Amino acid sequence: IVAIIHKDEMAQIEELNEELENRIREADLVLGEVVRCRASLPAVLAGMKKEECRAKFIRAWEAPLNSTPPIGIDVEKIKNDVTSRVKETQDLTEAREQLERKLQQLKAEHDVSEERYRKTFELLRNDRYKPVDALPNDLIFPPISNK
């Protein structure tokens, strides 16, 4: 009887060992699958996040704007603004060119006056001439009136 009980226990132990080995094999397979899935997890999560963001963007894009009324673009007003600014720029360019011409004219007059001043000064520095003789020939004194 003891041998039979012992034989039954041994059979049970064998059966449990076999079941344990099967469970270990299944656990190894599941663990391998988990490791494989875990390796691809970042890519899968990134793809899911990308799809989530894309869906949010599409919803936001298609949603009507509640806070501001739709803005109409006035093409004629823009054209008129551009035209007026171009005309203003042209007017300013013409005014600048006139001022540059006036500046050149004033510089030329200044150069003539400087030359005349220099010649007069040179004549005055020369000891050969008297002060009256040093004055230019075209200088006319106004008549003195006795009132």
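Those letters in the sequence shown? Residues 1 to 147, per this note's numbering, in order.
Beta carbons: idealized from backbone N, C-alpha and C, even for Gly.
Keep in mind that this is a model prediction, so the values were computed, not measured.
Annotation note: the segment 39-67 contains no uninterrupted alpha helix (DSSP H) run of length 4 or greater. Note on geometry: alpha-carbon atoms of W61 and Q98 lie some 54 Å from one another.
In the structure shown, G72 adopts coil according to DSSP, grouped into three states.
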